[in-house]
Amino acid sequence: MSKVSYARHHSPPSVIRYAVWLYLRFNLSLRDVEDLLAEPGLDICYETVRRWVVKFGTAYARNLRRRRPTASDRRMYLWRAVDAEGEVLDILLQPRRDKRAAKKLIRKLLRKQGISPTAVVTDKLRSYGAALGDLGLKERHETGGRLNNRAENSHPPVRRRERSWIGFKRPGSTQRFLSTHAVVYNCFNLQRHLFSRRTLKTFRDVTFTEWRIATQAA
C-alpha cells in the first residue's frame, strides 16, 4: 500500500482527508462540504474540495481496496456488480447494454478480483448470457426470481447522489466518482441493524482505522 503525498498543499492532510470523507461518505454537494468546513472556521472553496476529491479520492480508494478481504466468489448483476454479501465490486458506465459491454465488465471483474466466480446472477437481459457463453461461464449463469436483489438493493446510494447532482453529466468524471464512492461506501456500510450498539462501535473504530491507514501522508 502506498502512502499519499500531500506535498504542495497548504491545507493540512487532516483537513483534506476530512473534506474528501464528507463528500464520499454522505449525500452532500460540494457546496454543502464547503459550508460544513466553514463552521469550524476553515475557509475552503467548494472548487478546492472538488480538486481534492479528484486527486486524493482515487488514491484513498486504491489503498482501501488493497486492504479489503477477498470478495465472495458469487457475482451478481453486471454493469453494477456486487458479491453475495452485497459489497460493491465495480461499477462500469457504458453507452450500450450489449454483449460487448457485458464482456468488458466481466473481464474487468475477473482481472481485478483474481478469482473465478462459482455463480453469476443477473436479470434476464440476453446480453449477459451471450457474454458469459463467450467467456466459458455459461454454466454458472443464474437468473430469475429474487436472486438479483443484492445488486438491486445497492442502487439507492448512487440514485440519491444522482438526484443531488441533478443528474450525471460527464461520463468520465462520473465513472471516476462512482468507482471511488463504491470503495468508500463498502468500507463504511456496516449493516448496523445486524448487531448491537457495542459491536457497532467496535466495527466503526475498525473502519476509521482502515481509513486513516489508507489516507496517511507519505
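Throughout the sequence shown, residue numbering follows the working numbering, covering 2 to 219 in sequence.
Yeah, the Cβ is synthetic: ideal placement off N, Cα and C, and Gly gets one too.
* Asked: By a C-beta neighbour count over all protein chains shown, 10 Å radius and 16 as the cutoff for buried, is N187 buried or exposed?
  -> Taking the first residue of the sequence shown as 1, we reach residue 187 at position 186. When all chains shown are included, N187 counts as buried.
Quiz prompt | Element boundaries [beta strand (DSSP E), containing A120] | solution = Translated into positions along the sequence shown, residue 120 becomes position 119. First-last of the beta strand (DSSP E) with A120: A120 to T123.
Exercise for review: Figure out for me which residue from L23, L65 and G173 has the closest Cα to the Cα of Y47.
Suggested key: One-based indexing of the sequence shown puts residue 47 at position 46. The candidate whose alpha carbon is nearest that of Y47 is L23.
* Asked: Rounded C-beta distance between A215 and V89? I'm assuming under 8 Å.
  -> One-based indexing of the sequence shown puts residue 215 at position 214. One-based indexing of the sequence shown puts residue 89 at position 88. With 8 Å as the limit, A215 and V89 do not qualify as a contact, their Cβ atoms being about 17 Å apart.
Residue range of the unbroken beta strand (DSSP E) whose run includes A90
Translated into positions along the sequence shown, residue 90 becomes position 89. Here residue 90 turns out to be Leu, not Ala, going by the sequence shown. Counting along the chain, the beta strand (DSSP E) containing L90 begins and ends at V89 to I92.
query: In terms of alpha-carbon separation, which member of A20, A60 and T144 lies closest to D36?
result: Residue mapping note: residue 36 aligns to position 35 of the sequence shown, counting from 1. Looking at the Cα atoms, A20 is the closest of the given residues.
ask   = Taking the alpha carbon of R177 as the point to measure from, which residue in A62, R213 and R108 has its own alpha carbon closest?
value = Your numbering for residue 177 matches position 176 in the sequence shown. The option with the nearest alpha carbon to R177 is A62.
Next item on the list: Look up H142 in the DSSP assignment and say whether it is helix, strand or coil.
Entry: Residue mapping note: residue 142 aligns to position 141 of the sequence shown, counting from 1. If DSSP states are grouped into helix, strand and coil, H142 belongs with the strands.
Exercise for review: Classify L138 as buried or exposed, calling it buried when 16 or more other Cβ atoms lie within 10 Å of its own Cβ.
Suggested key: Within the sequence shown, the letter at position 137 stands for residue 138. Per the 10 Å Cβ criterion, buried.
Next on the checklist: Quick check on this structure: which residue in L179, E211, W53 and K202 has the alpha carbon closest to the alpha carbon of L94?
Outcome noted: Position 93 of the sequence shown, counted from the start, is the residue given in the question as residue 94. The shortest C-alpha separation from L94 is found at L179.
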